[in-house]
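Position 267 of the sequence shown, counting from 1, maps to 267 under the UniProt record's numbering, and the rest follow consecutively.
For each residue, glycine too, the CB sits at the ideal point set by N, CA and C.
Here the structure is a predicted model, which means the values were calculated and not measured.
The structure appears below as structure tokens.
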Amino acid sequence: MMVGSSSGGSEEPDWSLDQAMIQIQQLVNSIAALQNTIHQQNAVIQQLQNQQPVGNTGGTPRGPKMATLPLYDSSMAMCEAFINACCLYILAKPQEFATLTAKVTWVLGFMQTGMAQLFRDQFMRYTVYKAFGDSNKQATVIQEITTIKQGTKSGEEHVQIFKQCYMRSGYRETAGIHEFKRSLNTPLLDKLMAILDLPTTLEKWYELAVHLDRQWRQAVVEKKVFAARSRKGDTGTGQSTQPSNQSNQQRPAPCTHIPPATHTGQTCDPNAMDVDRN
Numbered sequence: 001m002m003v004g005s006s007s008g009g010s011e012e013p014d015w016s017l018d019q020a021m022i023q024i025q026q027l028v029n030s031i032a033a034l035q036n037t038i039h040q041q042n043a044v045i046q047q048l049q050n051q052q053p054v055g056n057t058g059g060t061p062r063g064p065k066m067a068t069l070p071l072y073d074s075s076m077a078m079c080e081a082f083i084n085a086c087c088l089y090i091l092a093k094p095q096e097f098a099t100l101t102a103k104v105t106w107v108l109g110f111m112q113t114g115m116a117q118l119f120r121d122q123f124m125r126y127t128v129y130k131a132f133g134d135s136n137k138q139a140t141v142i143q144e145i146t147t148i149k150q151g152t153k154s155g156e157e158h159v160q161i162f163k164q165c166y167m168r169s170g171y172r173e174t175a176g177i178h179e180f181k182r183s184l185n186t187p188l189l190d191k192l193m194a195i196l197d198l199p200t201t202l203e204k205w206y207e208l209a210v211h212l213d214r215q216w217r218q219a220v221v222e223k224k225v226f227a228a229r230s231r232k233g234d235t236g237t238g239q240s241t242q243p244s245n246q247s248n249q250q251r252p253a254p255c256t257h258i259p260p261a262t263h264t265g266q267t268c269d270p271n272a273m274d275v276d277r278n
């Protein structure tokens, strides 16, 4: 009876084993749903990463949109502007120029006319000759740089041609300066040597030679213009004085008294020939 009484006084719990199993199953299903959601989000993130442009790989900015550079024709007046434009483009798009070779090749691509094209071709040839050239070709180039003369060429034209010879010769800068001075016309070289502080680099020698040559040619042109104006002024002065000279010529000469001839007492020879008689 005690067992019966004790069992009769106990209370049943609020939940059963079946209810606990149902709740556990619901939690498992919720966890599975969350894992599925996480998996889907990871797939979306991976898809977005795969759709990024190649230029932006690694977070590198693409840079601003730049205008295409014009072709360069070796004009010294446009040289600095061309260099600045190339530098700006390379700085704006560093991802496109990972190596020095890429930069050089890109710049050479705009040299397609005039002396710029010749420079590009010579640069490419020099690169090949430096690696695979023979000694005979090198000897020919050395002979060319040691015999070149300015002659009737302007300073700018001569500098452009000399640069090509110097680049192919393989000379060092000191030897290049010596050959450049030798190649100049004597009057231009005298003006260069009269300068107190002479340049120490070949590029400065180029600039100074072109500058002095332009000055000399400008002086020659101005001298011709001034001489033409002077001759024109002299002609006008001569025309203004011509009427007065003509008026002086038209005036009658002053009369001068000529005394009558006097008889000297000489007699004619009766035997002389008279040419007017017949």
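Sequence-distant residues of its chain with Cβ nearer than 8 Å to residue i (five each side left out)
i, result
"Asp-180", "The displayed chain sequence assigns Phe, not Asp, to residue 180. So the qualifying residues of the chain are Phe-162, Tyr-166, Leu-202, Trp-205, Tyr-206, Ala-209."
"Met-66", "Leu-88, Tyr-89, Ala-92, Lys-93"
"Gly-114", "Asp-73, Ser-74, Ser-75"
"Leu-198", "Leu-192"
"Ala-20", "none"
Residues bridged to residue i (per DSSP)
i, result
"Met-66", "None, per the DSSP bridge assignment."
"Met-111", "Tyr-72"
Contact under 7 Å by Cβ, residue i with residue j
i, j, result
"Leu-69", "Ala-85", "yes"
"Gln-112", "Leu-71", "yes"
"Lys-103", "Phe-110", "no"
"Gln-150", "Leu-184", "yes"
First through last residue of the alpha helix (DSSP H) which encompasses residue i
i, result
"Leu-184", "That residue, Leu-184, is in no alpha helix (DSSP H); it is neither H nor E in DSSP."
"Ser-30", "17–50"
"Arg-168", "155–169"
Among the options, the one whose alpha carbon lies nearest that of residue i
i, options, result
"Thr-140", "Thr-174, Ser-169, Arg-231", "Ser-169"
"Ile-145", "Arg-182, Lys-153, Phe-110", "Arg-182"
"Phe-119", "Thr-105, Gly-151, Gln-164, Thr-152", "Gln-164"
"Cys-79", "Glu-156, Ala-33, Thr-99, Gln-26", "Glu-156"
"Tyr-171", "Ala-194, Ile-195, Ile-142", "Ile-142"
Same chain only: Cβ atoms within 7 Å of residue i, ignoring 5 sequence neighbours per side
i, result
"Val-159", "Tyr-206, Ala-209, Val-210"
"Leu-212", "Leu-188, Lys-191, Leu-192"
"Gly-176", "Tyr-166, Leu-202"
"Asp-18", "none"
"Thr-200", "none"
"Thr-186", "none"
Any C-beta of chain D under 7 Å from that of residue i
i, result
"His-158", "Within the model displayed, chain D is absent; a lone protein chain is all it includes."
Cβ neighbours of residue i in the same chain (closer than 6 Å, five flanking residues each side left out)
i, result
"Ser-16", "none"
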